[in-house]
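Quick note, the sequences are listed as chains X and Y, same order.
What the first sequence shows, in full-length UniProt numbering, is residues 1 to 266, in sequence order.
What the second sequence shows, in full-length UniProt numbering, is residues 1 to 266, in sequence order.
For every residue, glycine included, the Cβ atom is placed at its ideal position computed from N, Cα and C.
None of these values were measured; they are calculated from a predicted model.
Following: one structure in structure tokens, then a few remarks.
Protein chains: 2
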Amino acid sequence: MTVRQLTLPELVEACGRLGVTHVGLWREPVAAHGLEATAGLVRDAGLTVTTLCRGGFFTAADPGERAAALADNRRAIEEAATLGTDTLVLVSGGLPAGSKDLPGARERVADALAELGPYAQRHGVRLAIEPLHPMYASDRCVVSTLAQALDLAERFPAEQVGVTVDTYHLWWDDQAPRQIARAGASGRIHSVQLADWATPLPAGVLNGRAQLGDGSIDLRRWLARVAAAGYTGPIEVELFNERLWARDGREVLAETAARFLAHLGT
Amino acid sequence: MTVRQLTLPELVEACGRLGVTHVGLWREPVAAHGLEATAGLVRDAGLTVTTLCRGGFFTAADPGERAAALADNRRAIEEAATLGTDTLVLVSGGLPAGSKDLPGARERVADALAELGPYAQRHGVRLAIEPLHPMYASDRCVVSTLAQALDLAERFPAEQVGVTVDTYHLWWDDQAPRQIARAGASGRIHSVQLADWATPLPAGVLNGRAQLGDGSIDLRRWLARVAAAGYTGPIEVELFNERLWARDGREVLAETAARFLAHLGT
């Protein structure tokens, strides 16, 4: 998504030229290119798919919407398996229209996990609940902290449900470091994502994620925390940023790789 | 601030006509009208000033900036005393330019409170740390949760330092209800403010607070929580909203009073 201006073949080629061996994919471009075609493309290029983004949106109270969401998530699980990734990232969903009941919405997320967890496990896929920044609590994700995500995940086996640690969403939270240790201790850090935080935020607050090093987050310190918690998996960089999307995608990918090495290389 | 389009004399007159007997003031309009003149204006009208907003901005690392901030806060304490309110609301300040050190900035807030608490107490004024929504953590307020605000406040006597509970900033936080009880048990709920949460947020995310009832917050439930925690003081409504500011201020004030009764009246 960091370079969504690239087609999947362009992305795969650019990764190859930069020596990037792992890539996180979103469902929409995969569907546009074709699921089997994408699986073949990355396999032939020797690329490993780190995660598939995203499932979720579990908070509808309406039974029909709810059943549709579960069906869609079962498809997402199958897609993840086809792409060869073991992790499906979940964004929980916001409040249903007119609702003011955050605890109720969070409970419906748990209900959905109970239905999907075993299905995911049978497909060799782990679900990773991603807490989003509290500014998204009403319209996108009622799970706002890593503690909440773990409270949900721990109702299920770690092989079925864990969490995504994304610096953009968690950097402000003084409890997050302790929760990262908690997540690591139970083997539930299923995915780690980086983006930097900068202001002013754009209208709608969706596409203001900053390039690594351009914001307020001590990224090296956050990576040290997930490492100390035992995480040895891939690190994704996920930047939603209109200005990056307006630029040449290959250049943005190269810049991002260079920033990663500059700010996080040893 | 909800009706900043009104001059202070217009505001006082409009309050009188609506039967509003308490008003929260900001320093800037008070300074514009004159401190002594404002004190006389509200006194003559029989209005009680609930709080003065706002002191704070304690996070500068530069010694000169730091001394200037402390001096300005001593003036704010004196202004609060002159206006007859016992509460000065504090917004802690964001990260200094270029800094990525949230814990360090939070510790400088504590240092400032240690210097200002006794001064405030001598003037009969309590300091009320206001946690702001985490979306303001980098550029406005490094204190993002009620738990953090209480961790700071509890280093000092409750007569000196407490907290502001503002629904707009806290509504997403599943830990906030427990923290409200904690704040009430130690007599530290010094101020309560209401605004509703609606999306999409405007660019800069400052002026999107929704009129009571137009958003996602179960306001009645939050007021019940502060009441259960023993709070019997005034309830302020603080709406930063460009659309409300563009309308006739008397009409907005009347609408706000009506909304308060509709959504929170018994």
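Chain Y within 7 angstroms of residue i, Cβ atoms only
i	result
X:A176	no
X:A246	no
X:M135	yes
X:A203	yes
X:S144	yes
X:D139	yes
X:T199	yes
X:D196	no
X:D111	no
X:D44	no
8 angstroms contact criterion, which residue i and residue j should meet: CB distance rounded
i	j	result
X:L88	X:A76	6 angstroms
X:L194	X:V237	5 angstroms
X:I129	X:V161	7 angstroms
X:L25	X:L83	7 angstroms
Y:S216	Y:W245	Their Cβ separation, rounded to whole angstroms, is 22 angstroms, which puts Y:S216 and Y:W245 out of contact at 8 angstroms.
X:A45	X:G16	6 angstroms
X:L95	X:S138	5 angstroms
Y:L212	Y:F156	About 32 angstroms separates the two Cβ atoms, so there is no contact after all.
Y:H22	Y:P234	5 angstroms
Y:V142	Y:L102	6 angstroms
Y:A183	Y:A258	At roughly 29 angstroms, the Cβ-Cβ gap does not stay under 8 angstroms, so Y:A183 and Y:A258 are not in contact.
X:L35	X:E79	6 angstroms
X:T59	X:G93	4 angstroms
X:L146	X:P131	5 angstroms
Y:H263	X:P134	The Cβ separation is near 22 angstroms, so there is no contact.
Y:A158	Y:R188	5 angstroms
Y:T85	Y:T51	6 angstroms
X:A14	X:L253	5 angstroms
Y:L239	Y:R209	5 angstroms
For residue i: DSSP bridge partner residues
i	result
Y:G162	Y:A128
X:H22	X:T48
Y:D196	Y:A210
Y:C141	Y:G93
Y:S191	Y:T164
X:E236	X:Q193
Y:T87	Y:R126
Helix, strand or coil at residue i [DSSP, three-state]
i	result
Y:E79	helix
Y:T266	coil
residue 325 of chain X	Since the first and last residues shown for chain X are 1 and 266, residue 325 of chain X lies out of range.
X:V30	helix
X:G55	strand
Within-7 angstroms CB hit, residue i to chain X
i	result
Y:S92	no
Y:L223	no
Y:W26	no
Y:L95	yes
Y:D62	no
Y:D218	yes
Contact test: residue i Cβ vs the ligand SAM heavy atom, cutoff 6 angstroms
i	result
X:A14	Of ligands this structure carries none, so the ligand SAM is not represented either.
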